[in-house]
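Asker: I have a structure here, written as structure tokens, and I will follow up with some questions on it.
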Amino acid sequence: MIAVYTLDGTELKLNYGSAFTINWVSTVFNDSDEFLGSKSFPVDLADCPSNNKALNMGIRLENRSARVDTPVMVRIFGIHWKKCALSFTIGTNGYSAFLKIDNGTFGNLIKNTQLPDIFTNRTTLGAFQSFKTIKLSYSVGDTLTYLANSCAAPGKYPAYFFPLYNKTMFGGSSVDSPAYDSSLQTVNPWQSGVGFLPDEVTSPEQHFYTPFFTLHYVVKQVLSFLGYTPAGDFFADPLMQDKVIFNTGFIDHAAMFAPAGLELSLAKHLPALTLTEFFTKLRTSFKLAIYFDADTQTCTMNYGKNTITSRERVDISGYVEASTPIKSTPPAGYELINPVDDGDSLYKNFQYDKSYFIGDVSKVAPVAIDAFIGTTFARILANPLSAGVNYRIPRVDQVGNAYTDLANGSDAWNQTGFGKNAFNFRILTYRGMQEDSAGELYPYGTSDELNSLGADDHAYGLSCWLGGAKGLLAVYNFDWYTFFLRTELVELTAHLPMRLLQRVTPLGLIEFVTPTRAIIPAMMNDMTFEANKLTQKIQAKITAYPIYSQNDLALPALSQFKPSEEINPGGIYVRIAPVVPNESSTYADLGHGLPRIPLDLYADITLQFFSDEAGTIPREVSNLLIHLHTDHYYFHDNLWSSNGYYITASGSEFVIGNDQLHDPFDQIYHRFSSGGYWKHFYSLSINPVLLAGLDYKLCIPNGNRDPYSDPAY
């Protein structure tokens, strides 16, 4: 029999004819849903003195105590099985109760709690009161020691500081403070021989710092908050040790090098997503089997690919009555979607693979899976502190969260709260100290497997991007999804002794024999069971996914992963097209067989953006800074003069009106005067400094053309 006891040993009495039926589920197979929790079916508890006392007199207190789950223990045939949480409602027949088991015990908590919230202190009414902080150092010298030690040891410290480029970190508003340097585009600025700019460096108030917290550290802090101990493959995986969480929050030099040391609040530097979303993204991105065992208070995170190849199985062959395939429509394939951070405009400016396909998707629409962790782009940039030196760092184009009064008046200023400017959950890898183009060491963070100079390095075994031979899909997901496409859902009828039930878990494999005597391992999807008093066995309906021999199956066509790092490494091509909206009605006759020209011709300049050099694929840009030149040729004296100015363009086509041209010959493209005839020519500046800042390849597909002499342009 299945019996439920309170923690003090009182057995809860059932109404006559009632029995506990338990549905025990795996969290492995619901990719983008909320965590499914194991539970019992509702059962009637008797309205009796012992139950009333055990449940805090719930009936006499008008059901108020039913708002709080009661911790209980489940025994099967007198043997302890699980700690659970019991919920109940009250009706005319007494208590209608059900059990929440394992993952189900904290479903509401992780559903409603935001990740940053667990790192704040709150009043009894739930209002925000103050931040929980972690102390990384206790003096300025201690801070410098922490920075030096952490930089040299990826994955060993809770937080890392490495350069990240963000030209819109303060947003679109100007900063009122005279200390603000509007040209600053790098957080955690690093300079050879100086490091992270300690106090003796000139103008320290112009430098800002962003901590990137280690993924493992944050996950363990969350589990500690929930009351669980971490275990499993995920925490032992060496490829995961150096992963950090992307952050847009930054502090100033004074906070970074405070005399009392460096103290940080995680709430200010983590994305605002619920704990359910947090665990769902972890599970989907790395195809984890996440199991919260309420009995041992252990959270186990194992890789699905390791589970399906495991040799450890619970053999239930002698206790299986039958197996029947469940008629369902299995997926033909999956579309795994590369996540986007909507606040980062680089996703609009750069080309990248937006999704990947696994399976045969030629005839049937694939199942979309989009609960993945995103990442950043990485580029080689000029070091703003060392002239002529290039280094490769992550880059975003996103309004940050500034926790400094120096940002007062900017879009980023976040004076009292946290998470004002939302950012998505993205991960990076901190690779440690590596060389820049001058051979000097600097802290190197990245999103791919490339080294600090942008070359493939076979020592790097994992990219944070989905695609590529070393991407998340190839390393963690591919084996799992191909298994899932090749299997089917079957239902087993079994009568299990208690000793076998104790060994079965949603994290492991079971093994059974088919009617053809084939031995088949399988992953449990769920088990619905109750006790059979007559046989002292568990009557169970088990649904499972068999792991068939792959040699006997016709495999679906599987897509090859292209590396996400092929994200148009240069590639914004610009065509200049002068357009003439207004002409003078009077034409000049130059004589000598020359063509007649208008005395005055006013020009708009249209910039058209493309992804290919041939100018066939339109390209969207956002706030793209362009240096436009005008050259003036005066025919009478054969003289040239030049002028230039900057334009900020957006869209696939941008028109510079004739009233916006800022040169000595404003608005006029051609003019004839008593002194002679002159013309404008327009071109884009290929400025190395500008290129280093923008990282765009600016080209003019057909060169500089004269629309009057060559109307085809």
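Residue numbers 680 to 1392, in my numbering, belong to the letters of the sequence shown in order.
C-beta: ideal position from N, C-alpha, C; glycine also.
Treat the numbers as computed from the prediction; the structure is a model and nothing was measured.
Which first and last residues belong to the beta strand (DSSP E) in which residue 1111 is found?
Answerer: 1106-1114
Asker: When DSSP builds the beta bridges, which residues end up paired with residue 1036?
Answerer: 1014
Asker: If distances are taken between C-alpha atoms only, which option among 1252, 949, 1327, 1333 comes closest to residue 1285?
Answerer: Of the candidates 1252, 949, 1327, 1333, the one whose C-alpha sits nearest the C-alpha of residue 1285 is 1333.
Asker: Considering only C-alpha positions, which residue in the set 1023, 811, 838, 1077 is nearest to residue 904?
Answerer: 811
Asker: Please identify the residue among 728, 763, 1159 whose C-alpha is closest to the C-alpha of residue 686.
Answerer: 763
Asker: Within 10 Å of its beta-carbon, does residue 695 have 16 or more other beta-carbons around it, so buried, or fewer, so exposed?
Answerer: exposed
Asker: Would residue 751 and residue 760 qualify as a contact pair, given that the criterion is a beta-carbon distance under 7 Å?
Answerer: It is not a contact, given that the beta carbons lie outside the stated cut-off.
Asker: With residue 972 and residue 781 assumed to form a contact (beta carbons below 8 Å), what rounded beta-carbon distance in angstroms separates them?
Answerer: Indeed they touch by this definition, with Cβ atoms about 6 Å apart.
Asker: What first and last residue would you give for the alpha helix (DSSP H) that runs through residue 1177?
Answerer: 1177-1182
Asker: Excluding five sequence neighbours on each side, which residues of the same chain lie with their C-beta closer than 8 Å to the C-beta of residue 1192?
Answerer: 996, 999, 1198, 1199
Asker: For the segment 885-909, which segments carrying the alpha helix (DSSP H) assignment without a break, of at least 4 residues, lie completely within its bounds, in sequence order?
Answerer: 894-905
Asker: Tell me which residue opens and which closes the beta strand (DSSP E) that residue 1004 is part of.
Answerer: 999-1004
Asker: Name, in chain order, the residues that DSSP records as bridge partners for residue 750.
Answerer: For residue 750, the pairing in a beta bridge is given by DSSP as 764.
Asker: Tell me whether residue 1071 is buried or exposed, calling it buried when 16 or more other Cβ atoms sit within 10 Å of its Cβ.
Answerer: Residue 1071 is buried by the Cβ-count criterion.
Asker: Would you mind working out which of 1212, 951, 1288, 1131 sits nearest residue 1254, comparing C-alpha positions?
Answerer: Per the Cα distances, 1288.
Asker: In the DSSP assignment, what residue or residues form a beta bridge with residue 703?
Answerer: 1206
Asker: By Cβ distance, which residues of its chain are closer than 6 Å to residue 1182, with the 5 residues on each side in sequence left out?
Answerer: So the list reads 993, once near-sequence residues are dropped.
Asker: Is residue 1165 helix, strand or coil by DSSP?
Answerer: helix
Asker: Could you tell me whether the segment 969-984 touches the segment 1115-1133, where touching means 3 or more Cβ pairs closer than 8 Å?
Answerer: Put simply, the segment 969-984 does not touch the segment 1115-1133. Fewer than three CB pairs are less than 8 Å apart.
Asker: How is the beta strand (DSSP E) around residue 1147 delimited, first residue to last?
Answerer: Careful: residue 1147 lies outside any beta strand (DSSP E) and carries neither H nor E.
Asker: If you compare alpha carbons, which of 727, 1137, 794, 735 is closest to residue 771?
Answerer: 727
Asker: Hey, is the segment 1015-1026 in contact with the segment 1096-1115, meaning 3+ C-beta pairs nearer than 8 Å?
Answerer: Flag = yes, the segment 1015-1026 and the segment 1096-1115 touch.
Asker: Would you list the residues sitting across from residue 821 in a DSSP beta bridge?
Answerer: In DSSP, residue 821 forms no bridge with anything.
Asker: Pull up the DSSP beta-bridge partners for residue 1124, would you.
Answerer: 1109
Asker: Under the three-state reduction of DSSP, which class applies to residue 1143: helix, strand or coil?
Answerer: coil
Asker: Pairing CB atoms from the segment 1107-1118 with CB atoms from the segment 947-960, are three or more of them under 8 Å?
Answerer: no
Asker: Indicate whether the contact test is met: 3 or more Cβ pairs, each with one atom in the segment 935-951 and one in the segment 901-921, closer than 8 Å.
Answerer: no
Asker: By how many angstroms is the C-alpha of residue 840 removed from the C-alpha of residue 818?
Answerer: 17 Å
Asker: To the nearest angstrom, how far is the alpha carbon of residue 683 from that of residue 1186?
Answerer: 25 Å
Asker: Assess, as a yes-or-no matter, whether the segment 1008-1020 is touched by the segment 1115-1122 under the definition of 3 or more beta carbon pairs within less than 8 Å.
Answerer: With the cut-off at 8 Å, the segment 1115-1122 and the segment 1008-1020 do not touch.
Asker: Quick check: the Cα distance between residue 1342 and residue 1328, rounded to an integer number of angstroms?
Answerer: Model confidence at residue 1342 stands at a pLDDT of 41, short of 50, so the residue's coordinates are unreliable; what they give is reported in the following sentence. For residue 1342 and residue 1328, the distance between alpha carbons rounds to 19 Å.
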